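Heads up, the UniProt record's numbering is the position in the sequence shown plus 2, with the first residue counted as 1. We put the CB at the ideal spot given by N, CA and C, even for glycine. A quick note: this is a predicted structure, and the numbers were derived from the prediction, not measured.
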Amino acid sequence: HSADAFRTDLMTITRFVLNEQSKHPESRGDFSILLSHIVLGCKFVCSAVNKAGLAKLIGLAGETNVQGEEQKKLDVLSNEVFVKALISSGRTCILVSEEDEDATFVEPSKRGKYSVVFDPLDGSSNIDCGVSIGTIFGIYALKDYNEPTIEDVLQPGKNMVAAGYCMYGSSCTLVLSTGSGVNGFTLDPSLGEFILTHPDIKIPKKGNIYSVNEGNAKNWDSPTATYVEKCKFPKDGSSPKSLRYIGSMVADVHRTLLYGGIFLYPADKKSPNGKLRVLYEVFPMSFLMEQAGGQAFTGKERALDLIPTKLHERSPIFLGSYDDVEEIKTLYAAQA
Ligand code: AHG
Ligand code: MN
Ligand code: MN
Ligand code: MN
3 HSADAFRTDL
13 MTITRFVLNE
23 QSKHPESRGD
33 FSILLSHIVL
43 GCKFVCSAVN
53 KAGLAKLIGL
63 AGETNVQGEE
73 QKKLDVLSNE
83 VFVKALISSG
93 RTCILVSEED
103 EDATFVEPSK
113 RGKYSVVFDP
123 LDGSSNIDCG
133 VSIGTIFGIY
143 ALKDYNEPTI
153 EDVLQPGKNM
163 VAAGYCMYGS
173 SCTLVLSTGS
183 GVNGFTLDPS
193 LGEFILTHPD
203 IKIPKKGNIY
213 SVNEGNAKNW
223 DSPTATYVEK
233 CKFPKDGSSP
243 KSLRYIGSMV
253 ADVHRTLLYG
263 GIFLYPADKK
273 SPNGKLRVLY
283 EVFPMSFLME
293 QAGGQAFTGK
303 ERALDLIPTK
313 LHERSPIFLG
323 SYDDVEEIKT
333 LYAAQA
């Protein structure tokens, strides 16, 4: 009976979010409408990524972004798709994208109460070789959105009302939290629907995988160097951890969320604030990790407590299984 019920009782992401909405009687469905437009963007990018090689969508767009990175064609395409989808939802007022130097202020007639920060295509260096990439987003609700200003998005990550990512890998998986746990949905291309496949994701309390770009080891500070050394040569007789590093944050975080372990993008002498961007990489992933029972630390503080002062500000980040991050916190506290 239960198998049949499962097959016919399709829990789509739309239905899931409407169920969530019913817990907030005062809500007018704005969030559900916003999310449906983000889902539309993800479906489009998934289809473009899957056809990239065929549709001449790989390679450079011939521009560079505010990060000083050469933009790939898919970076630019994905950004345009999300900006247009979010504006057309009529539920947003400020948009911040990795690919746009300045925030987009939605024209008054189309304005809504949410501001969305997003990385339209994460892991761009992996596009041309077909390795998993993704989209990352975070959502803030604005109390007063009549005269939105940049201050309205320079909020700590703990103020986000939702965060998520979509990974374009062997399957297209959307992982979302609206503040009460984390759920994963897999796109069924035959239906064009995201179906609930990973209900109530909880990250293992401790893992045996560490994920870092060892190529930066020469420039690490001592707490990071000590921690990584401990992963490789444990002193307590336990077996060394495995190293897994894909180079797309979405893929490395997704594996960490499901298998446990720790993901590190530390500061180093060359980049004292690390590489990952606070608003649309660090905050959404930290939000998800905490909602799944893990934690996220910057080397100085809880990642979600950070108050950004600039749109594209960077921060070191250590996130993943609760106990693994706790070890890194102890090492940084000892150094402080
Ligand atoms: P993006 O492609 O959106 O610019 O992000 C790339 C980021 C992130 O996806 C990944 O964790 C990190 O860059 C990898 O950096 P390194 O190549 O320096 O390890
Ligand atoms: Mn980039
Ligand atoms: Mn990114
Ligand atoms: Mn990106």
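Rounded to whole angstroms, the separation of the alpha carbons of Ala219 and Lys272 is 11 angstroms. With 6 angstroms as the limit, the residues whose C-beta approaches a heavy atom of ligand 2 more closely than that are Gln69, Glu71, Glu100 and Ser126, in chain order. Taking a 10 Å sphere around the C-beta of Asn67, we find 16 or more other C-beta atoms and assign the residue as buried. For the pair Arg257 and Ser224, the CB atoms are not nearer than the 9 angstroms cut-off.
In this structure, ligand 4 has no non-hydrogen atom nearer than 8 angstroms to the beta-carbon of Leu259. With a beta-carbon spacing of about 6 angstroms, Trp222 and Asp270 fall inside the 8 angstroms limit used to define contacts. The beta carbon of Asn215 lies closer than 8 angstroms to those of Tyr247, Gly249 and Tyr267 in the same chain, with the five residues before and after it left out.
For the 9 angstroms CB-CB criterion, Gly301 and Phe320 form a contact. The criterion of a C-beta distance shorter than 9 angstroms is not satisfied by Val19 and Ile138. DSSP, reduced to helix, strand and coil, places Pro122 within a strand of the structure shown.
Each residue's CA atom was taken as its position, placing Ala50 and Ala338 some 47 angstroms apart.
Counted as a single uninterrupted DSSP element, the beta strand (DSSP E) harbouring Gly140 occupies residues Ile135 to Ala143. Look at Leu123: its beta carbon is less than 8 angstroms from one of the heavy atoms in ligand 4.
For Leu189, the closest C-alpha among the options Val47, Leu290, Gly70 and Ala63 is that of Val47.
Taking one beta carbon from each stretch, the stretch 165 to 172 and the stretch 136 to 153 have 3 or more pairs nearer than 8 angstroms; the two touch.
Leu79 is not a Cβ neighbour of Leu97, given a cutoff of 9 angstroms. In the DSSP assignment, Phe289 falls within the alpha helix (DSSP H) that extends over Phe285 to Gln293. Cα atoms of Leu278 and Asp121: separation of roughly 11 angstroms, rounded to the nearest angstrom.
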